[in-house]
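To start, the structure itself, in structure tokens.
4 protein chains.
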Amino acid sequence: MHELLKKKVLEANLDLVRHNLVLFTWGNASERDPETGHIVIKPSGVPYDEMRADQMVVLDAEGKQIEGDLRPSSDAPTHVVLYRHFKNIGGVVHTHSEWATSWAQAGRNLPAYGTTHADYFYGKIPCTRPLTQEEIEEDYEVATGDVIVATFGNREYESMPGVLVHGHAPFTWGKDGREAVHHAVVIEEVAKMAFRTEVLGNRRSVDQYLLDKHYLRKHGKNACYGQHKPPTL
Amino acid sequence: MHELLKKKVLEANLDLVRHNLVLFTWGNASERDPETGHIVIKPSGVPYDEMRADQMVVLDAEGKQIEGDLRPSSDAPTHVVLYRHFKNIGGVVHTHSEWATSWAQAGRNLPAYGTTHADYFYGKIPCTRPLTQEEIEEDYEVATGDVIVATFGNREYESMPGVLVHGHAPFTWGKDGREAVHHAVVIEEVAKMAFRTEVLGNRRSVDQYLLDKHYLRKHGKNACYGQHKPPTL
Amino acid sequence: MHELLKKKVLEANLDLVRHNLVLFTWGNASERDPETGHIVIKPSGVPYDEMRADQMVVLDAEGKQIEGDLRPSSDAPTHVVLYRHFKNIGGVVHTHSEWATSWAQAGRNLPAYGTTHADYFYGKIPCTRPLTQEEIEEDYEVATGDVIVATFGNREYESMPGVLVHGHAPFTWGKDGREAVHHAVVIEEVAKMAFRTEVLGNRRSVDQYLLDKHYLRKHGKNACYGQHKPPTL
Amino acid sequence: MHELLKKKVLEANLDLVRHNLVLFTWGNASERDPETGHIVIKPSGVPYDEMRADQMVVLDAEGKQIEGDLRPSSDAPTHVVLYRHFKNIGGVVHTHSEWATSWAQAGRNLPAYGTTHADYFYGKIPCTRPLTQEEIEEDYEVATGDVIVATFGNREYESMPGVLVHGHAPFTWGKDGREAVHHAVVIEEVAKMAFRTEVLGNRRSVDQYLLDKHYLRKHGKNACYGQHKPPTL
Chain Y
184 MHELLKKKVL EANLDLVRHN LVLFTWGNAS ERDPETGHIV IKPSGVPYDE MRADQMVVLD
244 AEGKQIEGDL RPSSDAPTHV VLYRHFKNIG GVVHTHSEWA TSWAQAGRNL PAYGTTHADY
304 FYGKIPCTRP LTQEEIEEDY EVATGDVIVA TFGNREYESM PGVLVHGHAP FTWGKDGREA
364 VHHAVVIEEV AKMAFRTEVL GNRRSVDQYL LDKHYLRKHG KNACYGQHKP PTL
Chain G
184 MHELLKKKVL EANLDLVRHN LVLFTWGNAS ERDPETGHIV IKPSGVPYDE MRADQMVVLD
244 AEGKQIEGDL RPSSDAPTHV VLYRHFKNIG GVVHTHSEWA TSWAQAGRNL PAYGTTHADY
304 FYGKIPCTRP LTQEEIEEDY EVATGDVIVA TFGNREYESM PGVLVHGHAP FTWGKDGREA
364 VHHAVVIEEV AKMAFRTEVL GNRRSVDQYL LDKHYLRKHG KNACYGQHKP PTL
Chain X
184 MHELLKKKVL EANLDLVRHN LVLFTWGNAS ERDPETGHIV IKPSGVPYDE MRADQMVVLD
244 AEGKQIEGDL RPSSDAPTHV VLYRHFKNIG GVVHTHSEWA TSWAQAGRNL PAYGTTHADY
304 FYGKIPCTRP LTQEEIEEDY EVATGDVIVA TFGNREYESM PGVLVHGHAP FTWGKDGREA
364 VHHAVVIEEV AKMAFRTEVL GNRRSVDQYL LDKHYLRKHG KNACYGQHKP PTL
Chain D
184 MHELLKKKVL EANLDLVRHN LVLFTWGNAS ERDPETGHIV IKPSGVPYDE MRADQMVVLD
244 AEGKQIEGDL RPSSDAPTHV VLYRHFKNIG GVVHTHSEWA TSWAQAGRNL PAYGTTHADY
304 FYGKIPCTRP LTQEEIEEDY EVATGDVIVA TFGNREYESM PGVLVHGHAP FTWGKDGREA
364 VHHAVVIEEV AKMAFRTEVL GNRRSVDQYL LDKHYLRKHG KNACYGQHKP PTL
């Protein structure tokens with residue numbers, strides 16, 4: 184089942200490689216079928232250059248494996264938590280991309296230092312608190328999802344399609360796998376430029392009105408970027 | 184109309200990709216027809232690998248679209264302002280190239296730390312002041328052009344073919360699109376080296392006489408670089 | 184003899200090039216035959232693009248050359264010492280990869296700043312003390328092996344498959360040449376991210392329980408990563 | 184004349200591109216014919232992808248052009264000075280490679296922080312003093328050569344095959360063009376690693392006995408690296 188979706192999920196995973204966001208098997212992309220709520224995700228530990236669409240694993244909305252001979256990505260429970268709480272998303276990506284991961288390892292929110300950031304992320308990209316020993320030992324991957332959800336609280340997740348997990352790495356999301364990959368590329372690029380901006384002496388975020396202008400130029404009902412396509416997530 | 188110019192503008196845009204100056208659709212190159220003053224610019228949001236010459240958009244000197252089915256780059260009004268005020272230029276480029284953008288995000292002028300810089304830019308590359316809330320909310324892209332023009336004031340723009348827009352990214356120009364691209368490559372390279380020069384402990388620009396020697400060796404009536412070609416812009 | 188092993192060792196050496204870990208001939212990979220204890224290593228100073236399997240050099244367990252027309256890598260004696268003391272390893276790699284070498288040149292242990300590190304290295308990656316003048320002048324390559332062994336003392340070498348040699352560069356190991364190469368790739372990646380983590384202001388390692396969780400998720404009898412493959416070294 | 188040498192010089196110039204040491208036409212390699220003392224160098228400002236062997240320019244030992252329709256590299260007079268004073272060299276390379284140039288722009292000697300450096304450069308790589316206004320205005324390219332020669336004084340140039348020109352960029356040399364290119368690659372690599380070593384907190388060079396060991400392992404009458412080839416310059 185979900186043959187088309189499996190192909191899309193395979194492509195999303197391969198796009199992570201094409202954008203130099205993953206080394207070896209360190210990354211995973213998934214997508215949710217809007218009708219059934221099933222989640223299609225890549226298998227664990229299979230090299231990207233051998234991966235086939237029919238190896239994709241299907242989970243139900245609670246994360247129970249309902250199709251596939253292989254085990255799903257070990258991060259699958261985190262994806263499941265994100266889909267459950269962020270109702271409008273259709274794709275999730277996790278990488279250890281080098282710049283975003285460096286910020287996650289530093290345990291820091293990623294400030295909005297410029298319009299590149301503002302075009303996609305409406306404010307600073309949050310870094311979660313560290314997990315407690317109990318959370319790590321009991322149900323680590325679920326706790327990773329929970330701490331992301333707790334970090335957002337009542338904050339809107341659609342205008343902030345990514346997060347840094349403390350001491351770990353980024354997760355991003357979007358309306359589908361392709362958009363989640365897109366956001367994984369952007370978070371890496373703005374993490375790189377923010378690093379250099381700080382070394383050059385600035386730690387002040389852009390003004391709120393510049394943030395508004397750029398974010399709202401590309402998103403929402405008054406978007407004026409591109410060819411009148413419906414606004415993205 | 185302007186079929187040849189459309190091909191040149193397409194090539195200039197693709198050169199930005201070849202030089203790794205753009206991610207996704209984050210960049211734009213335009214060129215001005217010297218006879219009519221018309222401006223040919225790429226469409227907004229079209230992926231580079233699908234872009235065709237016949238999709239280029241033609242604007243008149245006031246920025247009114249006079250040909251093309253697609254909407255022009257959302258930065259087109261900024262290009263129009265630059266062409267209006269910088270009479271001798273024939274090409275404009277905007278990118279979010281990573282090193283130059285990091286300086287723009289830091290809100291800093293880019294100092295002339297060596298002869299590589301001096302070969303192309305006759306002094307420090309200026310960073311504009313931040314735009315005010317009013318400027319951003321009223322007519323943002325035009326205001327971006329205006330603040331660049333204001334930054335130059337009476338300063339010569341031909342010997343300083345680029346600028347950093349505060350919190351945003353670089354714009355460069357030249358006698359045509361190809362030269363504007365060339366300057367976009369150079370601003371990125373010197374931004375990268377200037378960053379490292381500062382980390383290594385130097386914040387003193389080169390001496391004025393070294394700047395004179397290198398800039399004037401390549402430009403102006405006494406240029407002695409290359410094969411006796413007419414001096415570039 | 185060892186024709187198959189020679190092919191594997193050639194491939195391991197070429198993988199170092201494919202992963203951008205070596206410039207020119209600066210690197211070497213070897214593998215130990217489990218039955219005879221013979222060591223197969225690349226020849227010294229032969230360009231990678233001309234290297235053939237039949238040029239691999241065979242040494243006995245004491246490092247005496249027993250086959251091959253060419254001289255072995257000048258670092259061969261270091262490999263021999265590592266095989267002698269680290270009984271369970273089957274492959275050794277040495278590179279001057281740029282980020283790990285920068286840490287070695289700084290004479291610093293490489294801290295575990297995140298889960299990427301914890302997935303492969305169970306704690307900080309040690310940097311040896313500097314060699315003394317006497318050690319360098321008497322039997323330099325053997326002394327390099329000895330100082331690595333001394334750095335480990337009674338510490339387990341299987342959960343810490345790499346080291347930084349002070350003022351020099353990294354060595355890594357694994358159950359075979361392929362795994363030693365894998366660890367050489369990972370040490371470079373975590374060295375790069377740790378550098379940036381520190382510049383971003385953090386010098387605190389991950390909590391021990393997070394280290395435990397990630398390392399033991401991939402290694403040992405309770406590993407749950409991948410497709411139930413036998414745990415790697 | 185010198186048809187074979189012209190091919191070698193073309194290849195040396197193209198190798199600079201292959202090793203990512205040059206942008207556009209920013210670099211030049213030359214070689215000296217040992218019998219006649221003639222110098223073959225690339226023409227000025229010709230794009231690398233169009234350059235042909237028959238475009239190489241021949242100069243006599245005093246720098247007078249004796250063959251070629253095109254003008255030689257504008258840096259030719261610097262090459263001529265180096266050949267005149269450094270009797271045993273056969274090749275010279277100049278680039279604006281990004282890391283070495285950053286050190287030159289910082290006006291700093293490049294310290295020997297590790298064995299990679301010690302394998303090729305016997306001590307810190309010197310940075311010249313800045314040129315005076317008079318030197319720059321009177322005969323700039325010759326003065327650049329003169330300040331390099333003055334920096335070396337009585338110091339041996341064969342064990343230190345490179346220099347950083349203050350505020351400008353590196354020059355390297357060797358027994359032929361190929362070796363000069365090799366040293367240009369190495370100076371870039373060690374400049375990169377030295378930068379990172381300093382940021383990681385170390386500014387102490389390697390011990391003299393480690394420098395001796397590594398340099399003399401590869402060079403001079405007791406060299407033991409590679410396949411018994413005659414020691415390189």
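Chains as they are written, first to last, in the working numbering: chain Y, 184 to 416; chain G, 184 to 416; chain X, 184 to 416; chain D, 184 to 416. Backbone N, C-alpha and C fix where the C-beta goes; we use that ideal spot for every residue, glycine too. In this text the structure is predicted, and so the values were computed from the model without any measurement.
- The beta carbons of T334 of chain G and P309 of chain G sit about 5 Å from each other, so the pair counts as a contact at 8 Å.
- With a beta-carbon spacing of about 5 Å, I319 of chain D and K396 of chain G fall inside the 8 Å limit used to define contacts.
- When the five nearest sequence neighbours on each side are left out, the beta carbons in the same chain lying within less than 7 Å of the beta carbon of H300 of chain G are those of V373, in order along the chain.
- DSSP places F354 of chain G within a strand segment (E or B) once states are collapsed to three.
- The straight-line gap separating the alpha-carbon atoms of P353 of chain D and A195 of chain D is approximately 16 Å.
- No Cβ of chain Y is located within less than 7 Å of the beta carbon of L399 of chain X.
- Closest in C-alpha terms to D390 of chain Y, from the list G:W209, G:P260, G:D258 and G:H351, comes G:H351.
- Here the region 198-217 of chain G makes contact with the region 366-382 of chain G; the two share three or more CB pairs at distances below 8 Å.
- Around the Cβ of F378 of chain X, a 10 Å sphere holds 16 or more other Cβ atoms; the residue is buried.
- Non-local C-beta neighbours of G274 of chain Y in its own chain, meaning closer than 8 Å and more than five positions away in sequence, comprise A195, A212, S213, E214, R215, W356, G357, K358, D359, G360, R361, E362, A363 and V364, ordered along the chain.
- Here the alpha carbons of G210 of chain X and H277 of chain X stand approximately 5 Å from one another.
- Sequence-distant Cβ neighbours of S256 of chain Y in its own chain, meaning closer than 6 Å and more than five residues away, are N211, I224, K225 and S227.
- Per DSSP, the beta bridge partners of R215 of chain D are D:I222.
- In this structure A295 of chain Y is not in contact with L383 of chain X, their Cβ atoms being roughly 16 Å apart against a cut-off of 8 Å.
- Sorting D:E245, D:P230, D:H202 and D:L204 by C-alpha distance to the C-alpha of G220 of chain D places D:E245 at the top.
- Per DSSP, the unbroken beta strand (DSSP E) holding L242 of chain X starts and ends at V240 to L242.
- With a cutoff of 7 Å on beta-carbon distance, L204 of chain D and S280 of chain D are scored as near each other.
- Here the alpha carbons of A259 of chain X and L399 of chain X stand approximately 32 Å from one another.
- Contact annotation, V192 of chain D with M239 of chain D: C-beta distance approximately 5 Å; criterion of less than 8 Å satisfied.
- In this structure, DSSP gives V263 of chain Y a helical state, which the three-state scheme calls helix.
- Of the residues D:D237, D:D302 and D:L314, the one whose Cα lies closest to the Cα of A406 of chain D is D:D302.
- A direct Cα-Cα distance of roughly 17 Å separates R386 of chain G from A283 of chain D.
- It is roughly 33 Å from the alpha-carbon of Y231 of chain X to the alpha-carbon of K375 of chain Y.
- Distance from the CA atom of K189 of chain X to the CA atom of D237 of chain X, rounded to whole angstroms, is 7 Å.
- In the structure shown, T284 of chain Y falls within a helical segment according to DSSP collapsed to helix, strand and coil.
- One finds Y296, G297, M376, T380 and N385 in chain Y with Cβ atoms closer than 7 Å to the Cβ of Q288 of chain G, taken in chain order.
- For Q238 of chain G, no Cβ of chain Y is located within less than 7 Å of the residue's own Cβ.
- Under the three-state reduction of DSSP, I331 of chain X is assigned to helix.
- Contact annotation, T380 of chain D with S285 of chain X: C-beta distance approximately 5 Å; criterion of less than 8 Å satisfied.
- For I370 of chain X, the uninterrupted alpha helix (DSSP H) segment begins and ends at G360 to V382.
- Spatial neighbours of R254 of chain Y in its own chain (CB-CB distance under 6 Å, excluding positions within 5 residues in sequence) are listed in chain order as S227.
- Contact of L393 of chain X with chain Y is assigned, a C-beta pair being separated by under 7 Å.
- Residue environment analysis places L265 of chain G among the buried positions, since at least 16 neighbouring C-beta atoms fall within 10 angstroms of its C-beta.
- In this chain, the beta strand (DSSP E) harbouring E250 of chain D covers Q248 to E250.
- Against chain G, the CB of E372 of chain Y has a partner CB under 7 Å away; the residue lies at that interface.
- By the 16-neighbour rule on beta-carbons within 10 angstroms, L293 of chain Y is buried.
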